[in-house]
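Here my numbering = 1-based position in the sequence shown + 26.
Have a look at the structure below, then the notes.
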Amino acid sequence: MAKAKTSLTAVERRAEELDTIAAVLPIERRDELAELLTDQDIETLRHLVNQGMGVNTLRALTSDLTYLEAWGLAATGQSLPWPAPEALLLKFVAHHLWDPEKRAADPDHGMPAEVDENLRSQGFLKSLGPHAPATVRRRLANWSTLTKWRGLDGAFASPALKSSIRLAIRAAPRQRLRKSAKAVTGDVLARLLATCATDSLRDLRDRAILMVAFASGGRRRSEIAGLRREQLCVEPPIPVGDGAPLPSLAIHLGRTKTNSGEQDEIVYLTGRPVEALNAWMAAAKIESGSVFRAIGRWGTVSRRQIDPQSVNAILKQRAGMAGLESGEFSAHGLRSGYLTEAANRGIPLVEAMEQSRHRSVQQASNYYNNATRPSGRAARML
């Protein structure tokens with residue numbers, strides 16, 4: 027009995043320690059993580075927070091560390107060893123990169139059924155089939171990073187590991203799918219906004235989220251969820267012909283996925299998105315702190331920001347309400363949709379990138395050019 031009490035105390039202590047870094051590293055499953063992660067795992071995360079690593083990078087590291095710990099327990103019955111031996115790394119590749127056709131003929135090929143069932147019952151596995159190669163590479167890279175932060179060396183650069191990944195990908199080619207199957211272009215956005223027609227808090231918030239995320243260049247869900255009142259700066263109204271001037275707002279992005287925050291990057295909102303944002307902040311009485319917050323079942327507005335995944339859930343919910351197939355859309359569709367809509371309206375790519383803040387012309391042009399290629403001159407040579 028004393029041993030069980032000590033174990034429970036250790037879990038509770040880790041839960042409290044996770045709370046101390048939650049402001050920098052948002053954690054939604056604190057109690058579950060406290061049971062799964064070790065004391066040394068928590069210390070590693072705390073160290074990374076103190077080093078000033080970006081929130082999104084920390085979130086990915088925590089997510090991957092949690093998955094790796096769960097997989098290690100399911101596959102070997104033991105917590106992850108540090109450093110991991112080469113055999114364990116090769117086992118990870120074999121469990122996650124396998125050939126579906128070979129699996130159909132040989133049930134023992136790939137991840138063992140008991141390991142699959144264990145991870146699936148805990149919610150770590152949802153889709154069927156092997157992992158995407160990019161996911162496997164990312165998890166191995168984060169595994170390597172966490173190993174180095176512990177002052178240890180691993181076998182992550184071993185020729186056998188690199189060769190096994192390369193051969194596994196070649197043996198089971200997998201088409202790379204976009205993060206969102208369909209882009210949220212202007213016509214789709216109009217249908218989503220039509221479901222936010224009332225003045226209820228939830229409709230006001232969701233309308234503002236959709237309009238701000240799209241109009242600000244297709245901001246990432248983490249940037250929308252983390253938006254704070256202090257990042258907003260009122261700009262002089264924009265004159266338009268004979269009509270009333272349009273309200274204007276600047277958003278100081280701060281630190282993003284591709285920006286360290288040392289340079290102050292700014293995007294602008296004009297007209298309807300500004301009106302939608304102001305309407306939400308006035309109704310929710312938000313004068314400082316997080317802009318977009320959770321709403322309780324009785325209409326109470328939380329003091330904490332919404333989770334980035336909530337942006338995805340809101341978009342999918344609104345897509346379903348609009349009569350669209352919610353599975354075909356995700357929050358990333360706002361980002362690709364912005365550039366696609368810019369191309370449809372003849373806005374130059376460079377101008378669109380000023381708002382989207384894409385670093386790579388090649389990456390931005392993938393969305394932009396796909397919208398114009400079917401009707402372009404290059405497709406009508408004959």
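Glycine included, C-beta positions come from ideal geometry on N, C-alpha and C.
No experiment lies behind these values; they were computed from the predicted model shown.
{"query": "Cut-off 6 Å between Cβ atoms - residues of its own chain near A276, not counting five sequence neighbours on either side", "result": "C259, E261, I292 and Y294"}
{"query": "Alpha-carbon spacing of R361 relative to A101, whole angstroms", "result": "38 Å"}
{"query": "Cβ shell of T211 (< 6 Å), same chain only, five flanking positions each side left out", "result": "G363, T366 and E367"}
{"query": "Exposure label - E209; buried when at least 16 CB within 10 Å", "result": "Reading the sequence as shown, one finds Ala at residue 209 and not Glu. By the neighbour-count rule (16 or more Cβ atoms within 10 Å), A209 is buried."}
{"query": "C-alpha distance - R228 paired with L178, whole-angstrom precision", "result": "49 Å"}
{"query": "Backbone CA spacing between I332 and R319 [nearest angstrom]", "result": "5 Å"}
{"query": "Rounded straight-line distance, which links the Cα of G297 to that of V141", "result": "53 Å"}
{"query": "Helix, strand or coil at R383 [DSSP, three-state]", "result": "coil"}
{"query": "Three CB pairs or more closer than 8 Å across the stretch 149 to 162 and the stretch 111 to 130", "result": "yes"}
{"query": "8 Å Cβ cutoff met for A305 and A220", "result": "no"}
{"query": "Proximity below 8 Å, CB of L215 to CB of F240", "result": "yes"}
{"query": "Rounded C-alpha distance that separates M237 from K188", "result": "44 Å"}
{"query": "Beta-carbon spacing of S314, R330 below 8 Å", "result": "no"}
{"query": "C-alpha gap between E256 and R383, whole angstroms", "result": "20 Å"}
{"query": "Residue of R176, A183, L151 and S226 minimising C-alpha distance to R323", "result": "S226"}
{"query": "Exposure of K174, with buried meaning 16 or more beta-carbon neighbours within 10 Å", "result": "exposed"}
{"query": "8 Å Cβ cutoff met for R176 and T64", "result": "no"}
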